[in-house]
Each structure stands twice: as structure tokens, then as C-alpha cells.
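Just below is one structure, and these are the notes that go with it.
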Amino acid sequence: MIGPRLCAATPRFPLVSLAHRNSKVFALASSNAVAQRWGKRFYAPIETETPHKVGVEFEESKDRIFTSPQKYVQGRHAFTRSYMYVKKWATKSAVVLADQNVWNICANKIVDSLSQNGMTVTKLVFGGEASLVELDKLRKQCPDDTQVIIGVGGGKTMDSAKYIAHSMNLPSIICPTTASSDAATSSLSVIYTPDGQFQKYSFYPLNPNLIFIDTDVIVRAPVRFLISGIGDALSTWVETESVIRSNSTSFAGGVASIAGRYIARACKDTLEKYALSAILSNTRGVCTEAFENVVEANTLMSGLGFENGGLAAAHAIHNGMTAIHGPVHRLMHGEKVAYGTLVQVVLEDWPLEDFNNLASFMAKCHLPITLEELGIPNVTDEELLMVGRATLRPDESIHNMSKKFNPSQIADAIKAVDSYSQKWQEQTGWTERFRLPPSRHSPHLTDIHP
Numbered sequence: 002m003i004g005p006r007l008c009a010a011t012p013r014f015p016l017v018s019l020a021h022r023n024s025k026v027f028a029l030a031s032s033n034a035v036a037q038r039w040g041k042r043f044y045a046p047i048e049t050e051t052p053h054k055v056g057v058e059f060e061e062s063k064d065r066i067f068t069s070p071q072k073y074v075q076g077r078h079a080f081t082r083s084y085m086y087v088k089k090w091a092t093k094s095a096v097v098l099a100d101q102n103v104w105n106i107c108a109n110k111i112v113d114s115l116s117q118n119g120m121t122v123t124k125l126v127f128g129g130e131a132s133l134v135e136l137d138k139l140r141k142q143c144p145d146d147t148q149v150i151i152g153v154g155g156g157k158t159m160d161s162a163k164y165i166a167h168s169m170n171l172p173s174i175i176c177p178t179t180a181s182s183d184a185a186t187s188s189l190s191v192i193y194t195p196d197g198q199f200q201k202y203s204f205y206p207l208n209p210n211l212i213f214i215d216t217d218v219i220v221r222a223p224v225r226f227l228i229s230g231i232g233d234a235l236s237t238w239v240e241t242e243s244v245i246r247s248n249s250t251s252f253a254g255g256v257a258s259i260a261g262r263y264i265a266r267a268c269k270d271t272l273e274k275y276a277l278s279a280i281l282s283n284t285r286g287v288c289t290e291a292f293e294n295v296v297e298a299n300t301l302m303s304g305l306g307f308e309n310g311g312l313a314a315a316h317a318i319h320n321g322m323t324a325i326h327g328p329v330h331r332l333m334h335g336e337k338v339a340y341g342t343l344v345q346v347v348l349e350d351w352p353l354e355d356f357n358n359l360a361s362f363m364a365k366c367h368l369p370i371t372l373e374e375l376g377i378p379n380v381t382d383e384e385l386l387m388v389g390r391a392t393l394r395p396d397e398s399i400h401n402m403s404k405k406f407n408p409s410q411i412a413d414a415i416k417a418v419d420s421y422s423q424k425w426q427e428q429t430g431w432t433e434r435f436r437l438p439p440s441r442h443s444p445h446l447t448d449i450h451p
């Protein structure tokens, strides 16, 4: 049996974290603050009676900064060993947050391990939206003697657990149930309106205390989630290198460290070596070494890479696509980011051979590489200009790049990716096509045969 993977690190910003532990309320960063964090400044929680306002402001640093969770644990049936790892932060009481589906599938394994070792566990059901209304309701359900907040599930559940933990000055343990993104390790949450629209980013001075992954749970998830995580993680090295070349400030608030850069590169190398085997393993529900490696790349390596390196055009293109309507929104985060990565490659004027190598790898991973596969084959020039303008909003990460662009250049690059990809498909006789799923949450992707 493949043993658990463990990674431990020292928390960052000790003085800030001390102030945080002594505070009662943390601050939310607005979209303008996101631009300042990516560019000039980052923010830390402070005590305030108006938590929606931006908190203490720190000037950007040219120091090398590396940030990470205190510990990372990954292994088969890890949830049955929860107390072994949770006891570092709590031995008496815990809150476990999960949506009803995750409760039905796996969250009770964590509860059982903690309860069998004498801990009192409060089970909370996440309502599905990481809105301030939902978060306030969940916060009020947490007992006063709670020692740790444990979030089990997808991105919004994880973000909610981080938010609640920081609002209560408690450690957080994050347990992703899919390997669909690198959000678990980060020191931020995305906050939505009650109807699901993006509202704010919430930044924290510390990353989660523990990232805890049961790969027996991950491998039972539909393969589409793993593929989306691969699409997200493929952008990490491309974007990090761009941020480093432009000498922009990383998410950690300083200059990217050598460690951060090499982790991003290791993420890329791991995916190139193991992604195709991991996808096939996932279709059979088996935890091979290749599958374990890709789960680590999607979650830990990509998470540390983007936070200690930075984001550039790929994620900005993803966000820019919110400017248009249509089937494109049936795609998952990583599926759209993959196309955005190809757009960044065009904007950076990579040689066509390098573009083709990346596009072919994405196609083999069942990621979209043409406008038709994105669900927008008939997108108009005006709609692409709308995407370009949204991509270039002042708070977007594309401004981390050394070269500056206009909406027309973004629109042209999006079309160029489509042309280059179609030409590659024609020249190589590639006939497999990414088939747009019926919904964003549909597990159905395409016919992938082991």
C-alpha cells in the first residue's frame, strides 16, 4: 500500500500572526485590494467593527518570501487516521463542515476517528454558497469551546472553513474531496453573494494549518475533477515564470523564492510524466503511484507554486470569460484556465512548436483547446473584445506581465489559439474532441477508456 505523504513547514509572518491571534475580527479585501496585493501591497487581518473594510496595509517587499501550510498529509484511507494528525491542534473539540453529499460519502470517517479518541465533534451542513449570510449562520452554530475548524469537500466548503476559522482565531484543517484545483493550500477565500455571484476575496495572514487528503476518496470522484485540476496546475509554471521575468510581487507579498520557482517547475514535470496514467487510473478507481503523484501536483505543488510565484494572463483570461454568456460556463475552472494558458503562450510569442507541444498534451488530457470545445464556436469579435476588456480590469493578474496589452490583442490571441489548435489537429489527424458536458457540475466529460 502506498504510504501517506507528509510535508511540514514553518508558518509565515510571526508578528502578523500574533496580532491576528489576539484579534477578534479579520478584514476582507475588496477587488481593488486584490490588485494591490498582486501588485503593490497585501493586507492582513486587524480588529475592526467593520470587517468588510480593508485592514492593515503593508508595503510590498523585495525580500524573498515563501509561504505554505504547516503540514500536508496525503494517503489512502487517511480519513480513518484523522485523530493522529488533528491532535496537534485539538484534542477535545472540533467543528466539521461539509455539504450533505460529502457527509453521505466520507465526512463521517473523520468524525468517527475523532469521536473514538474522546473528542466532541459538532457536525455542520454547508448550504452550498460561500456567502456572508451563510458564513455568519455557520459561525453562530460553532460552540464557544471549539478548538479547530475542519472543512471537508469542494472549493466553497474549504473557503468557508478558512473564513470561519480565522473569524474565531482557530486553526483550520482543509480536506479536499477532489483534486480539481489548487485552492486548498492558499491563504485566501472567495466570497460570493447569496445568488452565487463573485463578491470579494478574503485574505489571511496564515495558510491553513493542515491539508489532509484521503486519496481513496479522491480516486472515487469522477475523472473530470482530476482533469480540471490538471488544467489548473498546467498554468502554474507558465504564469510563475512570467511573474518572475517581470519582477512582480508574488501572492506571498515579496519576490518569488528559488523554492517557489522550482516547485512550479516540478509541478509541470510531474504532470508531463504522470498525468495520462493518472487519468486512466482514475477511470478504474485505483490509487496508483501515478495517481498519487498527480494529486500532489494538482493540490500541493500547484498551490505552493501559484502563491509563491503568482498569476498572470491564464487566470485573467478565465475571469474575462465571465463577460460573455453561453455554454462556456458549463466548464470547470481548470478547463477554462487551460485555454487561458494557451492564450498566454500566444501573448508571450512562444515558438509554434512549443505551442503545439502544450496543446497536444492538453488534448491528450481531455482539455479544451479550440473555441468549439469551449462551447463558443460562433463567438463574435465584439464578444471577444468584451472578454479582452474584462481580462484587463485593473485588479486582474495579467498586469503582472512585463508586456502591456489592449483588448484587441487579447481577442486576437484567443482567436489565434483556436487557429493554431485546429491546424495541429488537422496536421496530426487528431480526431478526439473535448465534448462539452451538459453542466458545470456534470461528471460526464468524454469517453475515456482505460
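Last residue of the sequence shown? That's 451 in this note's numbering, and every number before it is there in order.
Don't be surprised by glycine CBs; every beta carbon is placed ideally from N, CA and C.
Check	Outcome
Mark LYS138 as exposed unless 16 or more other C-beta atoms lie within 10 angstroms of its C-beta, in which case mark it buried.	exposed
Give a yes or no on whether the C-beta atoms belonging to ALA276 and ILE318 are separated by under 8 angstroms.	no
Alpha carbon to alpha carbon, how far is ARG436 from GLY128?	30 angstroms
Could you check the C-alpha separation between LEU312 and GLN200 for me, to the nearest Å?	20 angstroms
Suppose the cutoff is 8 angstroms on Cβ atoms and the five residues either side in sequence are ignored; what does the same chain contact list for THR123 look like?	SER94, ALA95, VAL96, VAL97, GLN142, CYS143, PRO144, THR147
Throw me the rounded Cβ distance for the ILE66 and GLY310 pair, which I believe falls under 8 angstroms.	Rounded, the Cβ-Cβ distance is 11 angstroms, inconsistent with contact.
Taking the alpha helix (DSSP H) that PRO408 belongs to, which residues open and close that run?	408–429
Taking buried to mean at least 16 other C-beta atoms within 10 Å of its own C-beta, is GLY306 buried or exposed?	buried
Would you kindly work out how many angstroms separate the C-alpha atoms of ARG1 and TYR340, rounded to a whole number?	Not covered by the structure: residue 1. The range shown for the chain is 2 to 451.
Given ALA279, which residues of its chain have a CB within under 6 angstroms of its CB, disregarding the five upstream and five downstream residues?	ALA291, PHE292, VAL295
Look at the Cβ atom of ALA412, then the Cβ atom of LEU386, and state whether they are nearer than 8 angstroms.	yes
Pop quiz: ASP233 and VAL338 are said to be a contact at Cβ under 8 angstroms. What is the actual Cβ separation, rounded to whole angstroms?	5 angstroms
Just reading off the beta strand (DSSP E) that PHE213 is part of, what are its end residues?	211–215
Less than 8 angstroms between the C-beta atoms of ILE245 and ALA257, yes or no?	yes
Could you give the C-beta distance for PRO177 and ILE214, rounded to a whole number, given that I count them as a contact under 8 angstroms?	6 angstroms
Check whether the Cβ atoms of GLY154 and VAL103 sit closer than 8 angstroms, and answer yes or no.	yes
Only counting runs of 4 or more residues, tell me where the alpha helix (DSSP H) segments fall wholly within the stretch 158–221, in order along the chain.	216–219
Straight-line CA distance for MET333 to LEU368?	10 angstroms
Answer with yes or no whether the minimum CB distance from SER168 to chain D is below 8 angstroms.	The structure shown contains no chain D, having only a single protein chain.
Work out the CA separation of VAL380 and PRO328 for me, nearest whole Å.	11 angstroms
Do the CB positions of ALA315 and GLU240 come within less than 8 angstroms of each other?	yes
Which partner residues of ILE66 appear in the DSSP bridge assignment?	ALA257
Among the candidates ASP113, THR250, MET302, whose CA atom is the shortest distance from the CA of ASP270?	MET302
Just how far apart, CA to CA, sit ALA131 and SER168?	14 angstroms
Would you call the CB atoms of ILE174 and VAL149 closer than 8 angstroms?	yes
Can we count ASP160 as close to the ligand ATP, meaning its CB is less than 7 angstroms from some heavy atom?	Questions concerning the ligand ATP fall outside what the structure shown contains, since it holds no ligand whatsoever.
What span of residues does the alpha helix (DSSP H) with LEU98 cover, start to end?	Element bounds for LEU98: not the alpha helix (DSSP H) but the beta strand (DSSP E), 94–99.
Does the separation of the CB atoms of THR68 and ALA185 fall below 8 angstroms?	no
Between the alpha carbons of LEU133 and GLU297, how many angstroms are there, rounded?	31 angstroms
Among PHE252, VAL87, THR158, SER182, which residue has its Cα nearest to the Cα of ASN118?	VAL87
Pop quiz: ASN401 and SER249 are said to be a contact at Cβ under 8 angstroms. What is the actual Cβ separation, rounded to whole angstroms?	4 angstroms
Among the candidates GLY152, GLN410, PRO206, GLU242, whose CA atom is the shortest distance from the CA of SER109?	As written in the sequence, residue 109 is Asn, which differs from the Ser given in the question. The candidate whose alpha carbon is nearest that of ASN109 is GLY152.
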